[in-house]
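Per this note's numbering, residue 376 is the first one in the sequence shown, and the count goes up by one each step. Worksheet: the structure to be examined is printed underneath.
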Amino acid sequence: MTSVFIDELDASTYAAYAARPGSTLIIPTGATEQHGPHMPLGVDAMLSKDIAAAVAQKLGALVAPGFSYGYKSQPRSGGGNHRTGTTSLGATALMALTEDVVSSFMTQGFENIVVLNGHFENYQFLYEGIDNATAKMRSAGSRARAVLLSYWDFVDDDTLARVFPEGFLGWDIEHGGVLETSLMLLLRPHLVDMSRVENHPPATLTAYDIFPEDPARTPDSGCLSSATGATADRGQLLLDAITGSIAHALRGELAEPSVLT
C-alpha cells in the first residue's frame with residue numbers, strides 16, 4: 376500500500392487522492408518540549424504523528440507533516456515554558472499557522488480535515504485557527520469540514536483503570552508520566568531510557584498561575600508525575616483504545632474517506 380504520509384507521495388498520486396469524494400487529511404500537532412530525563416523533546420509531535428498514521432490506516436485517510444512547535448508549556452500542565460529545551464510559539468503565530476495550513480489543504484480539494492492534537496496547551500489556539508479557516512473557505516463556496524481533537528480524550532474508563540490500577544490522578548499531571556511514556560515504549564522504544572525515570576510523588580499544583588513562572592513549584596525532573604509504572608503493554612492498551620475510538624468517531628462525523636491504493 377502507498378504511504379499514508381503525504382510528504383512521501385508524488386504530486387500526481389496526492390492530487391488524485393485529494394480530488395476523491397470523502398477525501399480526508401489528518402494534521403498531527405505537537406510541540407518541542409522537555410519530557411523529563413528519560414524521553415526526548417519531540418514526544419508530543421512523535422506521538423501525534425504515530426497516532427494519526429494508525430487512524431489513517433483504519434480510515435483510508437492521509438497524514439500531513441505535523442506541527443513540531445506548539446503553544447507555551449505551562450507549569451500546571453507541562454512543567455513550564457522556562458525549561459531548557461522547550462521551544463514554543465505564541466498564540467498569534469500558532470493560530471495563523473493553523474488557519475493558513477487548514478485553508479490550503481481545503482483549497483487543494485480535501486473534503487475533511489482532522490487536526491489531531493498532542494500538546495495540551497495547543498487546543499484553544501488550534502480551535503481559533505480552524506474556525507477562521509473554515510469560515511473563510513465557506514464564504515468562498517467550499518463545503519469542506521474540519522474536526523479538532525486531542526488524542527487523550529479518547530481513553531475510556533476501562534482502559535484508564537487497567538493502565539492506572541492504583542487510580543488515575545488526572546490528565547493535567549500526566550506530562551512525562553505513565554501515558555506518554557507507555558506510548559513511547561510501544562511506538563519508539565529506542566528513545567526511552569527507563570533507568571532515568573525519577574520516582575517522585577505527583578506535583579502539587581495551584582489552582583492559578585503566577586508570573587513570572589516559579590521553577591520551584593514543579594518537580595526538578597520536569598515531569599508532573601512519575602513514569603515508573605509505564606510499560607509497552609500499557610502503551611498497547613492505550614493505543615488500541617485511542618485509535619479505535621477516534622476512528623469510530625470520525626466515521627460517524629465525516630463522509631467515509633477513499634481508500635488509497
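Positions of the beta carbon are idealized from the N, C-alpha and C atoms, including for glycine. Quick caveat, the model's predicted, so the values are computed rather than measured.
Distance, residue j Cα to residue i Cα
i              : j                 : result
glycine 619    : leucine 400       : 17 Å
glutamate 549  : phenylalanine 543 : 9 Å
glycine 516    : valine 538        : 46 Å
alanine 466    : aspartate 531     : 30 Å
isoleucine 381 : serine 514        : 27 Å
glutamate 628  : leucine 558       : 26 Å
glutamate 408  : methionine 414    : 10 Å
threonine 377  : phenylalanine 485 : 18 Å
threonine 636  : alanine 391       : Caution is warranted here: a pLDDT of 42 is assigned to threonine 636, below 50, making its placement in the model unreliable, and the coordinate value is therefore given only provisionally. Going from the Cα of threonine 636 to the Cα of alanine 391 covers about 11 Å.
glutamine 662  : alanine 439       : The structure shown does not extend to residue 662, since the chain spans only 376 to 636, so no value can be given for it.
glutamine 432  : valine 379        : 7 Å
threonine 579  : threonine 593     : 8 Å
arginine 626   : leucine 434       : 8 Å
alanine 406    : arginine 395      : 32 Å
Where residue i falls: helix, strand or coil (DSSP)
i              : result
isoleucine 617 : helix
serine 479     : helix
isoleucine 585 : coil
leucine 437    : strand
histidine 565  : helix
glutamate 628  : helix
serine 570     : helix
proline 590    : helix
glycine 604    : coil
alanine 622    : helix
leucine 558    : helix
glycine 610    : helix
Bounding residues of the alpha helix (DSSP H) (the contiguous stretch that carries residue i)
i           : result
proline 403 : Looking at the DSSP string, proline 403 is not in any alpha helix (DSSP H); the run it does join, the beta strand (DSSP E), is 399 to 404.
serine 387  : 386 to 393
For residue i, the residue or residues it bridges with in DSSP
i                 : result
phenylalanine 380 : Val438
Going along the chain, which unbroken runs of the alpha helix (DSSP H) with 4 or more residues stay wholly within the region 406 to 468? 418 to 434 and 450 to 453
Complete alpha helix (DSSP H) runs within the region 469 to 556 (minimum length 4 residues, chain order): 498 to 514 and 532 to 538
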